[in-house]
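Student: What follows is a single structure, and I will ask about it in a moment.
Protein chains: 2
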Amino acid sequence: MQEQLSGITLKQFREFVNRFIEIDDKLFDTIINKFEYKKVARKELLLEAEKTANKIFFLSEGFVRFFHTKDEGIEVTSDFYFAPGFITSFTSFIDQKPAIVNIQAMVKMDVLFITYKDLMALYDKEHKVERLGRLLAEQVFITSEKHLLSFLNDSPLDRYLWLIKEYPEYVKNIPLHYLASYLGIKPESLSRIRNRSLK
Amino acid sequence: MQEQLSGITLKQFREFVNRFIEIDDKLFDTIINKFEYKKVARKELLLEAEKTANKIFFLSEGFVRFFHTKDEGIEVTSDFYFAPGFITSFTSFIDQKPAIVNIQAMVKMDVLFITYKDLMALYDKEHKVERLGRLLAEQVFITSEKHLLSFLNDSPLDRYLWLIKEYPEYVKNIPLHYLASYLGIKPESLSRIRNRSLK
DNA sequence: ATGATTTCTTAACTTAAGTCAAGGTTTTTA
DNA sequence: TAAAAACCTTGACTTAAGTTAAGAAATCAT
Numbered sequence: 000m001q002e003q004l005s006g007i008t009l010k011q012f013r014e015f016v017n018r019f020i021e022i023d024d025k026l027f028d029t030i031i032n033k034f035e036y037k038k039v040a041r042k043e044l045l046l047e048a049e050k051t052a053n054k055i056f057f058l059s060e061g062f063v064r065f066f067h068t069k070d071e072g073i074e075v076t077s078d079f080y081f082a083p084g085f086i087t088s089f090t091s092f093i094d095q096k097p098a099i100v101n102i103q104a105m106v107k108m109d110v111l112f113i114t115y116k117d118l119m120a121l122y123d124k125e126h127k128v129e130r131l132g133r134l135l136a137e138q139v140f141i142t143s144e145k146h147l148l149s150f151l152n153d154s155p156l157d158r159y160l161w162l163i164k165e166y167p168e169y170v171k172n173i174p175l176h177y178l179a180s181y182l183g184i185k186p187e188s189l190s191r192i193r194n195r196s197l198k
Numbered sequence: 000m001q002e003q004l005s006g007i008t009l010k011q012f013r014e015f016v017n018r019f020i021e022i023d024d025k026l027f028d029t030i031i032n033k034f035e036y037k038k039v040a041r042k043e044l045l046l047e048a049e050k051t052a053n054k055i056f057f058l059s060e061g062f063v064r065f066f067h068t069k070d071e072g073i074e075v076t077s078d079f080y081f082a083p084g085f086i087t088s089f090t091s092f093i094d095q096k097p098a099i100v101n102i103q104a105m106v107k108m109d110v111l112f113i114t115y116k117d118l119m120a121l122y123d124k125e126h127k128v129e130r131l132g133r134l135l136a137e138q139v140f141i142t143s144e145k146h147l148l149s150f151l152n153d154s155p156l157d158r159y160l161w162l163i164k165e166y167p168e169y170v171k172n173i174p175l176h177y178l179a180s181y182l183g184i185k186p187e188s189l190s191r192i193r194n195r196s197l198k
């Protein structure tokens, strides 16, 4: 649905893809033709738990929250992804099985998306897109590993300080109980940690 | 160095690759020709921290430990990888920058390996190998995410119980202080958790 | 603008992991 | 096979996070 695409989003999309593979007008056209455009409201879910992720979204602005619900009904925020980038529940998307997580827009945003079927067809047809897929998978792994290592190496305080250093603009706008959950602690503890660190 | 390859290892290699991509004799030959064979002693390092990972190893048997040293000289076990599978420090390999981690053989084993340069050439030449790379990257991401989620969802006890359920054969042979580190706790704590759970 | 909801803090108390230290057991290796 | 090294457990004490509860502050919705 190319005629619906906003100019700004398109440019950002192309620039982002260009970080990973060289892309000429023809290939860009082949790719972008499979994408659709969508306006997303703050708090809207891009993916609902229990449903199978059949889309990958491109975020040109804003950020999203990943969360799931434990047996006891407790909500856990497992991740934040910031623009620009491709996002989905890879665990659900890759194996085409129901997602554990919900993906929620933290701010109003415009996104592009491609379906699983169309992406697989592109992978088959275009070696370069397959490469893009490989490089993106490698990058999300690296990001995930960093998050994991922060649990093994750093205290909750360290992880909190890293977060505000890395994403100061965003952290201001993320409710403390989401952050606490992301850090693996309770809101009360993060509140205390925060005070302790301003001693 | 094909003439050095052991029959068993080769068969396991082909079967493993076949889980991800269809592979005929010709393609198998193209791939295996770039691999070399190596005997590895127990406790030998497949990769040393500070050096850049320029190989990917195929493990047909046994398992390895990933560990690194924190500033204060404390050793942290971040991961175990079990055969069969491809292993390296992806973070180092992908960006060709010095590794943080060491990779250590936990048992005597035979491995195959391919260099970074040769793998990149295969990626360029063979779309199917590029696909294999994508699928493997996706799989390591899924594994890493599971490990990460275990920190957000489960107690140290739960994580320990999961580990002995999933890898009973191996866990018996892993020193408790490695396991403790992997679980993000101190050996004394794991020792106590273990006793508590046999109440 | 105001009532409702969400978000954040504080306090008192509980629970579990960290720390330090010592001693016992098992495994390695010379 | 004997000494050394690595590994595991236990106890006493410290520290920090979890829990429960209450209320203040900020934000949202009508």
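Line by line, the protein sequences give chains U and Y.
Sequential numbering from 0 applies to the first sequence in numbering that gives the first Met the number 0.
Sequential numbering from 0 applies to the second sequence in numbering that gives the first Met the number 0.
Backbone N, C-alpha and C define an ideal beta-carbon position, used for all residues, glycine too.
So with Cβ pairs under 9 angstroms, would you call Phe140(Y) a contact of chain U?
Tutor: Output row for Phe140(Y): interface = yes.
Student: Thinking just about the alpha-carbon of each residue, which of Ser59(Y), Thr29(Y), Asp123(Y) and Ile22(Y) is nearest to the one in Val39(Y)?
Tutor: Of Ser59(Y), Thr29(Y), Asp123(Y) and Ile22(Y), the residue nearest in Cα terms is Ser59(Y).
Student: Are there 16 or more other CB atoms within 10 angstroms of the CB of Gly132(U), so buried, or fewer, so exposed?
Tutor: Label assigned to Gly132(U): buried.
Student: Please determine whether the Cβ atom of Thr90(Y) lies at a distance below 8 angstroms from any heavy atom of the ligand NAD.
Tutor: Absence of the ligand NAD is noted for the structure shown, with no ligands found whatsoever.
Student: Cutting at 6 angstroms between CB atoms, please list the residues of its own chain near Ser180(Y), excluding the five before and the five after it.
Tutor: Within the same chain, Ser180(Y) has close Cβ partners Val75 and Thr76.
Student: Could you check where the alpha helix (DSSP H) with Arg261(Y) kicks off and where it finishes?
Tutor: Outside the shown range of chain Y, which is 0 to 198, sits residue 261(Y), and nothing can be said about it.
Student: Start and end of the beta strand (DSSP E) containing Ile86(Y)?
Tutor: Here the beta strand (DSSP E) through Ile86(Y) covers Gly84 to Ile86.
Student: Measure the beta-carbon distance from Phe56(Y) to Leu44(Y) and round it to whole angstroms, keeping in mind my assumption that it falls under 8 angstroms.
Tutor: At roughly 12 angstroms, the Cβ-Cβ gap does not stay under 8 angstroms, so Phe56(Y) and Leu44(Y) are not in contact.
Student: Exposed or buried, what is Gly72(Y) when buried is set at 16 or more other beta-carbons lying within 10 Å of its beta-carbon?
Tutor: Per the 10 Å Cβ criterion, exposed.
Student: Closer than 7 angstroms between beta carbons: that is the criterion. Which residues of the stretch 168-190 of chain U meet it against chain Y?
Tutor: Result list: Gly183.
Student: What residues from chain Y crowd round Ile192(U), counting only those whose CB sits closer than 9 angstroms?
Tutor: Simply none; closest approach about 17 angstroms.
Student: By Cβ distance below 7 angstroms, which residues in the same chain neighbour Phe89(U) in space, the five residues on each side in sequence not counted?
Tutor: Val139.
Student: Using beta carbons (cut-off 9 angstroms, strictly below), is Glu154(U) in contact with chain Y?
Tutor: Per the sequence shown, residue 154(U) should be read as Ser rather than Glu. No, because no Cβ of chain Y sits closer than 9 angstroms to the Cβ of Ser154(U).
Student: Name, going along the chain, the residues of the stretch 62-85 of chain Y whose beta-carbon falls closer than 8 angstroms to a beta-carbon of chain U.
Tutor: Of all residues in the stretch 62-85 of chain Y, Lys69, Val75 and Ser77 have a Cβ within less than 8 angstroms of some Cβ in chain U.
Student: Rounded to a whole number of angstroms, what is the C-alpha to C-alpha distance between Asp94(U) and Glu125(U)?
Tutor: Each residue's Cα considered, the two are about 21 angstroms apart.
Student: How far does the alpha helix (DSSP H) with Asn152(Y) in it reach, from first residue to last?
Tutor: Segment His126 to Asn152, the alpha helix (DSSP H) holding Asn152(Y).
Student: Tell me the rounded alpha-carbon separation between Tyr80(Y) and Ser196(U).
Tutor: Approximately 38 angstroms between the Cα atoms of the pair.
Student: Quick one, are the C-beta atoms of Lys50(U) and Pro97(U) less than 9 angstroms apart?
Tutor: In contact: Lys50(U) and Pro97(U) (Cβ atoms closer than 9 angstroms).
Student: By the 9 angstroms beta-carbon criterion, what residues does the stretch 6-39 of chain Y contribute toward chain U?
Tutor: Result list empty, no residue passes.
Student: What is the DSSP secondary structure of Ile102(Y), reduced to helix, strand or coil?
Tutor: DSSP places Ile102(Y) in strand when its eight states are reduced to three.
Student: Going by DSSP, what residue range makes up the alpha helix (DSSP H) through Ile20(U)?
Tutor: It is not in any alpha helix (DSSP H) - Ile20(U) carries neither H nor E in the DSSP assignment.
Student: If the cut-off is 8 angstroms on Cβ atoms, which residues from the stretch 107-124 of chain Y count as contacting chain U, listed in chain order?
Tutor: The residues in question are Tyr122.
Student: Using a Cβ cut-off of 9 angstroms (strictly closer), state whether Glu49(U) contacts chain Y.
Tutor: No, its Cβ sits nowhere closer than 9 angstroms to a Cβ of chain Y.
Student: Counting pairs of Cβ atoms below 8 angstroms between the stretch 135-151 of chain Y and the stretch 142-154 of chain U, do you hit three or more?
Tutor: With a cut-off of 8 angstroms, the stretch 142-154 of chain U and the stretch 135-151 of chain Y count as touching, because enough Cβ pairs lie within range.
Student: By Cβ distance, which residues of its chain are closer than 8 angstroms to Ser188(U), with the 5 residues on each side in sequence left out?
Tutor: Cβ neighbours of Ser188(U) beyond the five flanking positions: Pro155 and Ala179.
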